[in-house]
Amino acid sequence: MAIVENSFPWTEKYRPKLLKSVVGQKHIVPRLQKYVEKKSMPNLLFAGPPGVGKTCCAVAMAKELFGSNFSQDFLELNASDERGINVVRGAIKDFSRTIPLGANFKIIFLDEADALTTDAQQALRRTMEKYTGTVRFILNANYSSKLIAPIQSRCSLFKFKPLRKEDVKKGLEPILANENISIDEDAIDALYDVCEGDMRTAINYLQAASSMTDKVTQDIIYEVSNSAQPKDIINLIDECLNGNYLKARGYLETLLFEQGLSGEDIISQIYKKVVNFPDEKLDIKTKIKIITIIAEINFRLVEGANDRIQLEALLAQIILINKK
Ligand SMILES: Nc1ncnc2c1ncn2[C@@H]1O[C@H](COP(=O)(O)OP(=O)(O)OP(=O)(O)O)[C@@H](O)[C@H]1O
Ligand SMILES: [Mg+2]
Numbered sequence: 003m004a005i006v007e008n009s010f011p012w013t014e015k016y017r018p019k020l021l022k023s024v025v026g027q028k029h030i031v032p033r034l035q036k037y038v039e040k041k042s043m044p045n046l047l048f049a050g051p052p053g054v055g056k057t058c059c060a061v062a063m064a065k066e067l068f069g070s071n072f073s074q075d076f077l078e079l080n081a082s083d084e085r086g087i088n089v090v091r092g093a094i095k096d097f098s099r100t101i102p103l104g105a106n107f108k109i110i111f112l113d114e115a116d117a118l119t120t121d122a123q124q125a126l127r128r129t130m131e132k133y134t135g136t137v138r139f140i141l142n143a144n145y146s147s148k149l150i151a152p153i154q155s156r157c158s159l160f161k162f163k164p165l166r167k168e169d170v171k172k173g174l175e176p177i178l179a180n181e182n183i184s185i186d187e188d189a190i191d192a193l194y195d196v197c198e199g200d201m202r203t204a205i206n207y208l209q210a211a212s213s214m215t216d217k218v219t220q221d222i223i224y225e226v227s228n229s230a231q232p233k234d235i236i237n238l239i240d241e242c243l244n245g246n247y248l249k250a251r252g253y254l255e256t257l258l259f260e261q262g263l264s265g266e267d268i269i270s271q272i273y274k275k276v277v278n279f280p281d282e283k284l285d286i287k288t289k290i291k292i293i294t295i296i297a298e299i300n301f302r303l304v305e306g307a308n309d310r311i312q313l314e315a316l317l318a319q320i321i322l323i324n325k326k
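Be aware that the sequence shown starts at 3, since it is given in our numbering, and climbs by one per residue.
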């Protein structure tokens with residue numbers, strides 16, 4: 003495998019060029035295709051978690067609308083630079099003043115719109131009004147509620163969701179075929195397990211794994227994603243539930259010191275396993291108590307407390323809860 007070829011990010015190489023190549027988001031893509039068909043659209047507000055197709059949809063839609071005039075009629079900006087007021091005053095106004103070439107409007111795609119200060123949002127609102135004739139905005143925000151009401155009410159809201167397993171699989175298919183990757187079903191399951199519906203993450207881990215080996219396995223996916231093997235996490239929790247502190251601590255030490263995982267990585271994996279345990283394995287009352295403790299320890303880890311001490315305290319508390 004040529005190194006140069008493999009170093010170009012696959013997330014860019016395989017970015018969908020057309021709306022129909024965007025996987026999942028079935029409640030969104032057909033509505034955007036309607037706008038393309040009618041060559042008209044309102045201002046849009048895209049909200050949702052990272053890596054699920056927001057930028058893909060905006061770019062693909064603009065390419066379909068504008069064709070060869072895409073680069074003149076589409077402007078992508080990031081609102082978090084200088085908290086945004088200069089972006090609104092400068093780039094947005096300059097772009098809005100000129101005439102569209104490919105359709106009867108241009109598109110400004112404003113990433114991280116929720117990072118704009120209230121003042122900048124007020125300025126944006128006025129700009130949106132002033133150039134309604136020639137410019138449509140697509141605002142991108144992780145939290146749409148951080149935008150002031152007058153902006154929200156000027157946009158149609160599109161809520162993007164984490165991708166489902168079958169969508170991630172479908173999105174990976176062309177990459178697997180084109181890059182000639184040999185991968186087994188378990189490894190695809192592992193990819194989904196670590197990416198949690200974020201396609202960018204899934205593609206990045208796949209690329210990292212395939213640069214290490216010709217045959218991508220579950221173990222390699224967990225290794226490149228810096229995650230513990232699910233069985234190690236389950237063993238650790240099982241030992242706690244059986245009241246065996248020393249054995250649980252042994253598993254914890256392997257994860258921390260041999261595999262080099264961080265406390266936050268480990269606790270979020272413990273959380274994921276605990277919430278998904280069936281009632282026969284862990285009754286709901288005990289589960290609730292354990293989750294409360296996981297939340298407390300997680301907060302301490304985020305605040306910078308010692309990984310080892312906090313995780314050992316977690317193990318100890320799970321044992322105590324289960325004894326009661
Ligand atoms: N629904 C999807 N269909 C196909 N590919 C996708 C999809 N979502 C994400 N991808 C892949 O992941 C990469 C990142 O997606 P995109 O830039 O659209 O994420 P985003 O939702 O805008 O995330 P962020 O909030 O971080 O900006 C794309 O280049 C593409 O390869
Ligand atoms: Mg984006």
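Cβ atoms here follow ideal geometry from the backbone N, Cα and C, with glycine treated the same way.
Quick caveat: nothing in here was measured; it's all calculated off a predicted structure.
By the Cβ criterion, the stretch 242 to 254 is not in contact with the stretch 202 to 213, since fewer than three pairs of Cβ atoms, one from each stretch, lie closer than 8 Å.
In the three-state reduction of the DSSP assignment, N278 falls in the helix class. Sorting T119, K325, M43 by C-alpha distance to the C-alpha of C242 places K325 at the top.
Counted as a single uninterrupted DSSP element, the beta strand (DSSP E) harbouring D113 occupies residues 108 to 113.
Here the alpha carbons of G55 and S82 stand approximately 20 Å from one another.
Taking a C-beta distance under 7 Å as the contact criterion, A64 and A143 do not qualify as a contact pair.
Not one heavy atom of ligand 2 falls within 6 Å of the beta-carbon of T119. By the rule of a C-beta closer than 7 Å to any heavy atom of ligand 2, the residues picked out are K56, T57, D113, N142. When only Cα atoms are considered, R251 and D191 end up about 28 Å apart.
Straight through space, the alpha carbons of L165 and M201 are spaced by roughly 7 Å. Contact holds between the stretch 311 to 324 and the stretch 276 to 292, because three or more Cβ pairs, one in each stretch, are under 8 Å apart. Rounded to whole angstroms, the Cβ separation of F97 and I140 is 13 Å, and the two are not in contact under 8 Å. If you keep only unbroken alpha helix (DSSP H) runs of at least 4 residues inside the stretch 237 to 300, you get 247 to 255, 265 to 278.
The closest CA to that of E198, considering only I183, I222, V170, I185, is found on V170.
For the options E78, I109, P18, P52, the alpha carbon positioned closest to that of S42 is the one of I109. A Cβ-Cβ contact shorter than 7 Å links L47 with S146. The C-alpha of K217 is placed about 41 Å away from the C-alpha of L77.
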